[in-house]
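Q:
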Amino acid sequence: RDLTEGDREKYFNALHELYFLEDAEAEAQYGKEFFSMSKIMRLHLYGAADKACDHWHDDAGMVNHHVGITWKFEQSLRMIDPTTASHYWDYTREAWHGTAWYDSEIFEDDWFGVASPSNEHHILDSGRFAYTPIMKNARSFSAIVNPYGLLRSPWNTNPTPFLMRYNRTAGLLSDGNHQFPSCVAFAESMYKSTLAAMMNAFNGELHGPVHIMIGGHWDVDPIIDAVTAAAEANADDFLLISKFMWRQGLIRTAEYCSEDTPVDKCLAHCPTEITGDVSSDTGAMRIFEDYGIATTSLLFDTAKTVAKKYGMGLGDLLKSYCKMGHPGEMFSSAAPQDPTFWPLHGNIERTLQLARLMKEAKYLHFSEEWRYKHLTGGSDTHLVCDWSGVEGLGMPSCSTGTCPGHRSDDILPFTDMTKDRPGFFTNLEFYGFIRPQNEHMPYVYDSLDHWPACYKGSMMKQYTHSFVDR
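Using our numbering, read the sequence shown as starting at 2 and increasing by one per residue.
(1) Assign Lys-324 to one of two classes, buried (16 or more other C-beta atoms within 10 Å of its C-beta) or exposed (fewer than that).
(2) Let's see if you can read the secondary structure: which residues bound the beta strand (DSSP E) around Ser-398?
(3) Within the segment 128 to 214, note down every full alpha helix (DSSP H) run reaching 4 residues or more, in order along the chain.
(4) With a CB to CB cut of under 6 Å and the five nearest residues on each side skipped, what residues in its chain are close to Cys-184?
(5) Roughly how many angstroms lie between the CA atoms of Ser-143 and Thr-262, to the nearest whole one?
(6) Figure out for me which residue from Asn-159, Lys-309, Leu-151 has the closest Cα to the Cα of Val-228.
(7) For Thr-427, which three-state DSSP category applies?
(8) Check this for me: beta carbons of Thr-352 and Met-191, under 8 Å apart or not?
(9) Touching or not, the segment 325 to 333 and the segment 233 to 248, by the rule of three or more beta carbon pairs under 8 Å?
(10) What's the C-alpha gap between Gly-433 and Arg-287?
(11) If contacts are defined as beta-carbon pairs under 8 Å, then Ala-69 and Phe-415 qualify, I think. What distance do you get, rounded to the angstrom?
(12) Figure out for me which residue from Ala-171, Phe-203, Met-136 has the closest Cα to the Cα of Asn-472.
(13) Between Arg-166 and Ala-335, what straight-line distance do the alpha-carbon atoms span, to the nearest angstrom?
(14) Quick check: the Cα distance between Ser-175 and Ile-225, rounded to an integer number of angstroms?
(15) Taking DSSP as the reference, what is the three-state secondary structure of Arg-436?
(16) Considering only C-alpha positions, which residue in the set Arg-79, Glu-26, Pro-83, Tyr-89 is nearest to Leu-4?
(17) Roughly how many angstroms lie between the CA atoms of Thr-158 and Leu-151, to the nearest whole one?
(18) Distance, Cα to Cα, His-534 vs Arg-43?
(19) Check this for me: beta carbons of His-58 and Asn-178, under 8 Å apart or not?
(20) Could you tell me how far apart the beta carbons of Leu-240 and His-218 are, in whole angstroms, since I believe they sit closer than 8 Å?
(21) Going by alpha carbons, who is nearest to Asn-439 out of Gly-378, Asn-428, Arg-357, Val-279?
(22) Excluding the 5 residues preceding and the 5 following Asp-282 in the sequence, name in chain order all residues of the same chain whose CB lies nearer than 6 Å to its CB.
(23) Report the three-state DSSP secondary structure of His-346 (helix, strand or coil).
(24) Which residue wins for smallest C-alpha separation from Glu-121, given the options Thr-100, Pro-340, Asn-168?
(25) Hey, could you find the ends of the alpha helix (DSSP H) Asn-228 is sitting in?
(26) If you draw a straight line from the alpha carbon of Gly-62 to that of Asn-201, how long is it in whole angstroms?
(27) Could you work out which residue in Thr-306, Trp-102, Asp-278 is closest to Ile-215 when comparing CA atoms only?
(28) On the criterion of 16 or more Cβ atoms from any shown chain inside 10 Å, does Lys-420 qualify as buried, or is it exposed?
(29) DSSP beta-bridge partners for Cys-386?
(30) Can you find the residues in the same chain that come closer than 6 Å, C-beta to C-beta, to Asn-14, ignoring five residues on each side of it along the sequence?
(31) Ser-77 and Phe-35: beta carbons closer than 8 Å?
(32) Would you mind working out which of Val-445, Gln-354, Asp-111, Asp-8 sits nearest Pro-340, comparing C-alpha positions?
(33) For the candidate residues Glu-106, Asn-348, Trp-97, Phe-74, whose alpha-carbon lies nearest to that of His-208?
(34) Tell me which same chain residues have a C-beta within less than 7 Å of the C-beta of Tyr-257, skipping the five on either side of it?
(35) Between Ile-213 and Asp-237, how many whole angstroms is the CB-CB distance? I'm expecting something under 8 Å.
(36) Which residue marks the beginning of the alpha helix (DSSP H) containing Ala-285, and which one marks its end?
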């Protein structure tokens with residue numbers, strides 16, 4: 002928003018080329034070092050859509066992975082146009098301006114395109130990113146694809162080969178949120194006493210809702226819509242719990258669906274060979290309890306109440322969980338397919354950099370021990386499942402643990418970040434490298450403290466006003 006019109010146009014032109022450039026054409030034009038959008042997408046899927054666990058989210062490595070992949074993205078963007086950069090989106094301004102989030106100028110056609118397309122398939126069909134393609138026939142390119150062979154989350158059985166968005170999540174507008182996260186919420190993250198608690202805020206409340214609100218979730222059973230309408234919040238819980246069930250082997254998807262396979266013949270489901278007889282409430286409740294759904298789902302008690310109200314048994318409710326439905330890209334492990342993904346994470350890094358500087362100045366005091374503050378919920382399940390040697394309807398071995406990718410000495414999947422550092426980083430090494438005091442960083446933010454939506458335009462003044470002088 003603060004760019005000149007000329008600089009903004011350079012950014013969008015380069016971004017558009019990155020999304021619409023075929024791999025072979027990109028390599029011929031920019032060389033083998035060019036990291037194409039499909040390669041970026043594959044890297045994110047390998048991290049976030051692994052059956053074992055999520056190597057990139059819901060734990061201590063979340064910030065590092067997103068700083069790293071945005072860094073790789075910027076390298077490609079600047080190969081296209083060396084005069085542009087990976088800019089950030091200060092989405093705290095939407096509420097400050099009194100603008101409904103979906104009416105933001107961000108979603109104008111000559112920017113990122115409409116927040117919620119009106120066509121029945123939710124395809125972004127207007128503006129410069131209209132019909133942004135999802136790679137088809139991707140099995141030879143990626144080990145993770147959906148049943149139709151699209152470069153998409155494996156549990157997202159939608160056959161539509163284009164970018165999709167919807168502003169409702171299981172029927173609930175904006176997932177029950179009225180606005181994007183505010184400046185006060187970001188300032189509060191700096192009030193935490195540990196990096197572990199900050200990381201939890203960065204992963205969840207400070208950026209997660211934006212993903213969900215733009216992506217959306219549809220094609221769920223009517224009972225799910227009824228539950229979210231009754232709860233008026235946490236509609237995202239259903240997809241998150243369904244992914245939890247998928248990682249444990251309870252939910253299965255087809256290995257292959259041909260391009261002409263009807264959508265209803267390629268849906269996720271829970272095989273009876275695994276669930277057994279769930280026609281009785283007792284049988285279904287056994288599944289809900291044995292797989293941790295009853296204790297992990299934020300809406301399970303509401304779901305039971307609503308199902309009873311509509312004369313449905315728990316077996317019918319279980320089938321609705323198993324169906325999963327279809328999310329837009331931003332509410333999935335294929336989120337980088339949506340161009341809004343790239344400017345989204347800058348607010349997190351700016352806040353962390355400011356907090357580290359303020360700690361050095363002895364204004365903030367927080368432990369930087371490499372840990373994560375876990376909560377209980379459909380996204381943060383603490384479960385790691387071992388699928389080694391599993392065939393057919395065999396089941397994985399699952400146990401509580403830390404997903405590889407989040408421990409301090411785990412290796413990040415990025416190389417050639419700078420000319421002086423061509424190799425890999427551990428989490429702890431990368432966290433040290435991206436400190437704001439590092440003069441060898443190849444990029445810098447225009448401002449860390451200036452947030453127009455904050456008290457007197459300053460994040461630190463907001464922090465002081467809200468949490469020190471109160």
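All C-beta atoms in this analysis are idealised placements derived from N, C-alpha and C, irrespective of residue type, glycine included.
A: Once the coordinates are examined:
(1) The sequence position of residue 324 within the sequence shown is 323, counting from 1. With 16 or more Cβ atoms within 10 Å of its Cβ, Lys-324 is classed as buried.
(2) By 1-based counting over the sequence shown, the position of residue 398 is 397. Looking at the DSSP string, the run of the beta strand (DSSP E) that includes Ser-398 is 398 to 401.
(3) 184 to 190, 196 to 204
(4) Residue mapping note: residue 184 aligns to position 183 of the sequence shown, counting from 1. Hits under 6 Å: Thr-93, Trp-452, Ala-454, Cys-455, Gln-463.
(5) Counting from 1 along the sequence shown, the entry for residue 143 is found at position 142. Counting from 1 along the sequence shown, the entry for residue 262 is found at position 261. Cα to Cα, Ser-143 sits roughly 21 Å from Thr-262.
(6) Translated into positions along the sequence shown, residue 228 becomes position 227. Looking only at Asn-159, Lys-309, Leu-151, the smallest Cα-Cα distance to Val-228 is reached by Lys-309.
(7) Residue mapping note: residue 427 aligns to position 426 of the sequence shown, counting from 1. DSSP places Thr-427 in strand when its eight states are reduced to three.
(8) Sequence index remark: in the sequence shown, residue 352 carries index 351 (1-based). Sequence index remark: in the sequence shown, residue 191 carries index 190 (1-based). Inclusion of Thr-352 and Met-191 in the CB contact set at 8 Å is warranted, their separation being smaller than that value.
(9) yes
(10) One-based indexing of the sequence shown puts residue 433 at position 432. One-based indexing of the sequence shown puts residue 287 at position 286. When rounded, the distance between both Cα atoms is 47 Å.
(11) The sequence position of residue 69 within the sequence shown is 68, counting from 1. The sequence position of residue 415 within the sequence shown is 414, counting from 1. As written in the sequence, residue 69 is Gly, which differs from the Ala given in the question. Between Phe-415 and Gly-69 the Cβ distance is about 4 Å, and since that is below 8 Å, they are a contact.
(12) For residue 472 there is no data in the structure shown, the boundaries of the chain being 2 and 471.
(13) Translated into positions along the sequence shown, residue 166 becomes position 165. Translated into positions along the sequence shown, residue 335 becomes position 334. Straight-line Cα distance between these residues: approximately 12 Å.
(14) Start at 1 with the first residue of the sequence shown, and residue 175 comes out as number 174. Start at 1 with the first residue of the sequence shown, and residue 225 comes out as number 224. For Ser-175 and Ile-225, the distance between alpha carbons rounds to 16 Å.
(15) Mapped onto the sequence shown, residue 436 falls at position 435. Three-state result, Arg-436: coil.
(16) Counted from its first residue, the sequence shown places residue 4 at position 3. Out of Arg-79, Glu-26, Pro-83, Tyr-89, Tyr-89 has the C-alpha closest to the C-alpha of Leu-4.
(17) As a first step, residue 158 is located in the sequence shown; it is residue number 157 there, counting from the start. As a first step, residue 151 is located in the sequence shown; it is residue number 150 there, counting from the start. Roughly 9 Å between the two C-alpha positions.
(18) The first residue shown for the chain is 2 and the last is 471, placing residue 534 beyond what the model contains.
(19) Here residue 58 refers to the residue found at position 57 when the sequence shown is read from its first residue. Here residue 178 refers to the residue found at position 177 when the sequence shown is read from its first residue. Inclusion of His-58 and Asn-178 in the CB contact set at 8 Å is not warranted, their separation being larger than that value.
(20) As a first step, residue 240 must be located in the sequence shown, where it is residue number 239. As a first step, residue 218 must be located in the sequence shown, where it is residue number 217. Sure, about 5 Å apart at Cβ, within 8 Å.
(21) For the purposes of this step, residue 439 is identified with residue 438 of the sequence shown, where counting begins at 1. If you compare the alpha carbons of Gly-378, Asn-428, Arg-357, Val-279 with that of Asn-439, the shortest gap goes to Arg-357.
(22) Taking the sequence shown and counting its residues from 1, the one referred to as residue 282 is at position 281. Closer than 6 Å at Cβ, skipping near neighbours: Gly-314, Leu-315.
(23) Position 345 of the sequence shown, counting from 1, holds the residue named residue 346. If DSSP states are grouped into helix, strand and coil, His-346 belongs with coil.
(24) For the purposes of this step, residue 121 is taken as residue 120 along the sequence shown, with counting starting at 1. Glu-121 has its Cα closest to that of Asn-168, out of Thr-100, Pro-340, Asn-168.
(25) Counting from one through the sequence shown, the residue named residue 228 turns up at place 227. The question names Asn, but residue 228 in the sequence shown is Val. First-last of the alpha helix (DSSP H) with Val-228: 223 to 232.
(26) Taking the sequence shown and counting its residues from 1, one reaches residue 62 at position 61. Taking the sequence shown and counting its residues from 1, one reaches residue 201 at position 200. Going from the Cα of Gly-62 to the Cα of Asn-201 covers about 10 Å.
(27) As a first step, residue 215 is located in the sequence shown; it is residue number 214 there, counting from the start. Of Thr-306, Trp-102, Asp-278, the residue nearest in Cα terms is Trp-102.
(28) Numbered from 1 along the sequence shown, position 419 holds the residue referred to as residue 420. Exposed, since its Cβ has fewer than 16 Cβ neighbours within 10 Å.
(29) One-based indexing of the sequence shown puts residue 386 at position 385. Answer is Cys-399, bridged to Cys-386.
(30) Counting from one through the sequence shown, the residue named residue 14 turns up at place 13. Nothing meets the Cβ criterion.
(31) In the sequence shown, residue 77 corresponds to position 76, counting from 1. In the sequence shown, residue 35 corresponds to position 34, counting from 1. Yes, they are a contact pair.
(32) Within the sequence shown, numbered from 1, the residue matching residue 340 stands at position 339. Residue Asp-111 is the option with its Cα nearest to Pro-340.
(33) For the purposes of this step, residue 208 is identified with residue 207 of the sequence shown, where counting begins at 1. The option with the nearest alpha carbon to His-208 is Asn-348.
(34) Along the sequence shown, read from residue 1 onward, the residue named residue 257 stands at position 256. These residues qualify, in order along the chain: Pro-148.
(35) Stepping through the sequence shown from its first residue, residue 213 is reached at position 212. Stepping through the sequence shown from its first residue, residue 237 is reached at position 236. Yes, they are in contact, since the Cβ atoms of Ile-213 and Asp-237 sit about 5 Å apart, within 8 Å.
(36) Locating residue 285 in the sequence shown gives position 284, where the first residue counts as 1. Segment 282 to 291, the alpha helix (DSSP H) holding Ala-285.
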